[in-house]
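The next block holds one structure in the form of structure tokens; read it before the comments.
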């Protein structure tokens, strides 16, 4: 196995996590170029990186370009993906701009790695809340076809970037000191609050975050007949770790034990569902943060629909929801021999 | 209208709120006796109250005894309700001990005040998360029969009492100071976290809080055929105000406009559902706290089931979820001439 020149574009919460994950997972990176709007020196996990301003020429000699996500209104990938691809790189984009394009594979490697095989230079990383959802649904779908998903989310502020994490901490400090809290990133105070809006509203009243759960889930699972009801995607005062409360209707009855066995056999999943063991009764965001695992707990049969299960999942939105999944796509590009310069 | 001697039993978060609400709503109270395990003097809204130790004799001359909720493992009502009733009082119990008993009316006055009419001396107040749910469901149920409710909750810490509010504030302070947070009330740290457990687990894996949503909703709406799926009842780091994400299936299509009109005509409801107006786009717990209203927003048609709606509701768990509803029951006892000593 050779080594591959990597560019990471954008060094907010997700970009920094990408740099960490590349190191941690020992990705066979040759030169790692860090690109962003503003040149500077950053330190991530005690390692210094020189951040260069992104230009078309930045992608000369790059094998894999990891775009961390949005930069301004549209992702940096909108401006630079073609430049990177024309220079021979494969682009992995964590932004939302290309995910639903028919010629762009949208990939969670444990679920649909084969979708990468006929890529055209650009592979999209799903939204954070979708990545953990499809991990939980895939083994159920293979065993008993998912017909309907009804989901509400409890999403961490880091999904809105590093500044949102600072905003929550600052608000908590001001409130502890008896002062009024200021908000800039979120439309309302998030400390001691829940905000039932992530993204803008469409004409039916759904938010963009909610509709991502619908469209991306269908695309990744490769089944346009799955009905997804995103009841509410809500922001909670948690730094890292998205939680999801899920009702899923299958095409036959699946017992709790069968579901647990399916999940235990699936990569990237840990089942914490033991009410007798307080340390493993169920996952919470604090415990999921920093891990690449999707944790599943509170697994029950629905009280009335014999074909339905309910459960609770938690995963680190910056890792499996973004950086880790992107690096796993890079690993799969290597193992499946899908890089353009070999 | 005469005046009525009132006893408030228990002066934690709910009992103090009861004293406030009695004043605010100008309930025609004669003597207000405040009872608890430990005698002391308390100040609520700048008014001093002498708290006496509860004894059977405490209820002599009391017309209405408001029990705030749990005291120890079982509610104080388990020990003292019969003593109060035998002395001529009507007991309004906010605890969970009697709610499901066939001879005990379980009442949200806007929804089922008539259920009080053949009371036997004891009327139960529903659980906080049920009270706001049935307020939202009742006008839909009258118009288009509720067939199925799928709900996840985002519940405030004050539902676990005053000490839980202190615990969250203390944890936020310790974390801001760079220290480890201590937990005593909750099984895990609640600051910067979500805990998907409220109450103990039953043999199917549902919590007591989740099953209250099932049984109490059916009893208050008077329809045992309503299917309720409590996906997860979760605790979030919010002081006051429970939020609920709700999917409801009706027996015919109901448009968003029809639902809004039904809610606008219903007492105790405010619709905040205007995405064009940032101040009224949707309710949040911070904005609902301190109010007696159940706020409804994020109202949409389900994407695939023409008979289903999805929406978001928020209400103050200590007020409509507990103290206000109890005082409203007391008001209804007066107006319906249901007190035992007249």
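Chains as they are written, first to last, in my numbering: chain A, 1 to 342; chain B, 1001 to 1342. Every residue, glycine too, gets a C-beta built ideally from N, C-alpha and C. Predicted, not measured: the structure shown is a model, and the values here were computed from it.
Going by the CB atoms, is the gap between residue 1049 of chain B and residue 237 of chain A shorter than 8 Å?
Against a cut-off of 8 Å, the Cβ pair of residue 1049 of chain B and residue 237 of chain A comes out as no contact.
Excluding the five sequence neighbours on either side, which residues of its own chain have a C-beta within less than 8 Å of the C-beta of residue 1189 of chain B, listed in chain order?
Within the same chain, residue 1189 of chain B has close Cβ partners 1171, 1181, 1183.
Among all the DSSP beta bridges, which residues are the ones paired with residue 295 of chain A?
DSSP lists A/270, A/314 as partners of residue 295 of chain A.
Taking only three categories from DSSP, how would you classify residue 126 of chain A?
DSSP places residue 126 of chain A in coil when its eight states are reduced to three.
Could you say which of A/40, A/296, A/241, A/126 lies nearest to residue 265 of chain A if we only look at CA atoms?
The shortest C-alpha separation from residue 265 of chain A is found at A/296.
Give me the residue from B/1126, B/1035, B/1102, B/1006 with the minimum Cα distance to residue 1061 of chain B.
Per the Cα distances, B/1006.
If the cut-off is 9 Å on Cβ atoms, which residues from the region 1301-1316 of chain B count as contacting chain A, listed in chain order?
Within the region 1301-1316 of chain B, the residues whose Cβ lies closer than 9 Å to some Cβ of chain A are 1301, 1302, 1303, 1304, 1305, 1308, 1310, 1311, 1312, 1314, listed in chain order.
With distance defined between alpha-carbon atoms, name the residue in A/335, A/215, A/37 nearest to residue 55 of chain A.
When each option's Cα is compared against that of residue 55 of chain A, the closest is A/37.
Decide yes or no for the touch test of the region 104-112 of chain A against the region 18-38 of chain A: beta carbon pairs closer than 8 Å, at least 3 of them.
Flag = no, the region 104-112 of chain A and the region 18-38 of chain A do not touch.
Among B/1293, B/1253, B/1259, which has the Cα closest to the Cα of residue 1242 of chain B?
Nearest of B/1293, B/1253, B/1259 to residue 1242 of chain B, Cα basis: B/1293.
Since I believe residue 1239 of chain B is in contact with residue 1260 of chain B (beta carbons under 8 Å), could you give me their beta-carbon distance rounded to a whole number of angstroms?
The Cβ separation is near 29 Å, so there is no contact.
Out of B/1270, B/1127, B/1258, which one is the CA nearest neighbour of residue 1093 of chain B?
Of the listed residues, the one whose Cα sits closest to residue 1093 of chain B is B/1127.
Counting contacts by CB-CB distance shorter than 8 Å, is residue 1002 of chain B in contact with chain A?
False, the Cβ-Cβ gap to chain A never drops below 8 Å.
With a threshold of 8 Å between beta-carbons, can residue 321 of chain A be considered close to chain B, or not?
False, the Cβ-Cβ gap to chain B never drops below 8 Å.
Report the residues of the region 1190-1204 of chain B with a CB closer than 7 Å to any CB of chain A, ordered along the chain.
The residues in question are 1192, 1193, 1194, 1195, 1196, 1197, 1201, 1204.
Measuring alpha carbon to alpha carbon, tell me which residue in A/256, A/307, A/131 is nearest residue 221 of chain A.
Nearest of A/256, A/307, A/131 to residue 221 of chain A, Cα basis: A/131.
Whose Cβ in chain A lies nearer than 7 Å to the Cβ of residue 1253 of chain B?
None at all; the shortest Cβ gap to chain A is about 14 Å.
What in chain B is Cβ-close to residue 284 of chain A, meaning under 8 Å?
Correct list: 1188, 1193, 1194, 1195, 1196.
Quick check: the Cα distance between residue 103 of chain A and residue 119 of chain A, rounded to an integer number of angstroms?
The alpha-carbon atoms of residue 103 of chain A and residue 119 of chain A are separated by roughly 7 Å.
Taking a contact to mean a Cβ-Cβ separation below 8 Å, would you say residue 1343 of chain B touches residue 1155 of chain B in this structure?
A question about residue 1343 of chain B goes unanswered here, because the residues of chain B that appear run from 1001 up to 1342.
Please return the same chain residues whose Cβ sits closer than 6 Å to the Cβ of residue 162 of chain A, not counting the five positions on each side in sequence.
Closer than 6 Å at the Cβ level, and outside the excluded window around residue 162 of chain A, lie 12, 13.
If you run the structure through DSSP and keep just helix, strand and coil, what is residue 1195 of chain B?
In this structure, residue 1195 of chain B counts as strand in the three-state DSSP scheme.
Can you list, in chain order, the residues of its chain with a C-beta nearer than 6 Å to that of residue 1314 of chain B? Leave out the 5 residues immediately preceding and following it.
Once the five neighbours on either side are set aside, the close Cβ partners of residue 1314 of chain B are 1241, 1243, 1283, 1285, 1288, 1295.
For residue 1127 of chain B, go through chain A and note every residue whose CB falls closer than 9 Å to its CB, in chain order.
By Cβ distance, chain A contributes nothing, its closest Cβ being about 17 Å from residue 1127 of chain B, past 9 Å.
Taking three-plus beta-carbon pairs below 8 Å as touching, is the region 1134-1143 of chain B in contact with the region 138-148 of chain A?
Judged by Cβ distances under 8 Å, the region 1134-1143 of chain B makes no contact with the region 138-148 of chain A, as fewer than three pairs qualify.
Can you find a CB in chain B that lies within less than 8 Å of the CB of residue 243 of chain A?
At least one chain B Cβ lies under 8 Å of residue 243 of chain A.
Leaving out five residues on either side along the sequence, give the residues of the same chain with a beta carbon under 8 Å from the beta carbon of residue 1231 of chain B.
Taken in chain order, the residues that qualify are 1150, 1151, 1152.
Just reading off the alpha helix (DSSP H) that residue 215 of chain A is part of, what are its end residues?
Residue 215 of chain A -> alpha helix (DSSP H) spans 208-221.
Check whether the Cβ atoms of residue 129 of chain A and residue 213 of chain A sit closer than 8 Å, and answer yes or no.
It is a contact, given that the beta carbons lie within the stated cut-off.
Does residue 1152 of chain B get closer than 8 Å to chain A when you measure Cβ to Cβ?
Closer than 8 Å to some Cβ of chain A, the Cβ of residue 1152 of chain B qualifies, so yes.
Determine whether the beta carbon atoms of residue 1136 of chain B and residue 1226 of chain B lie at a separation below 8 Å.
Cβ atoms of residue 1136 of chain B and residue 1226 of chain B: not closer than 8 Å.
Could you tell me which chain B residues have their CB closer than 7 Å to the CB of residue 185 of chain A, listed as they occur along the chain?
Per Cβ cutoff of 7 Å: no residues; residue 185 of chain A is ~15 Å from chain B at best.
What separation, rounded to the nearest whole angstrom, lies between the Cα atoms of residue 248 of chain A and residue 300 of chain A?
Those two C-alpha atoms are separated by around 11 Å.
Does the Cβ of residue 1325 of chain B have 16 or more other Cβ atoms within 10 Å, making it buried, or fewer, making it exposed?
Answer is buried; the Cβ neighbour count reaches 16.
Under 7 Å Cβ-Cβ, which residues of chain A neighbour residue 1247 of chain B?
Ordered by position in chain A, the residues that pass the 7 Å Cβ test against residue 1247 of chain B are 150, 229, 231.
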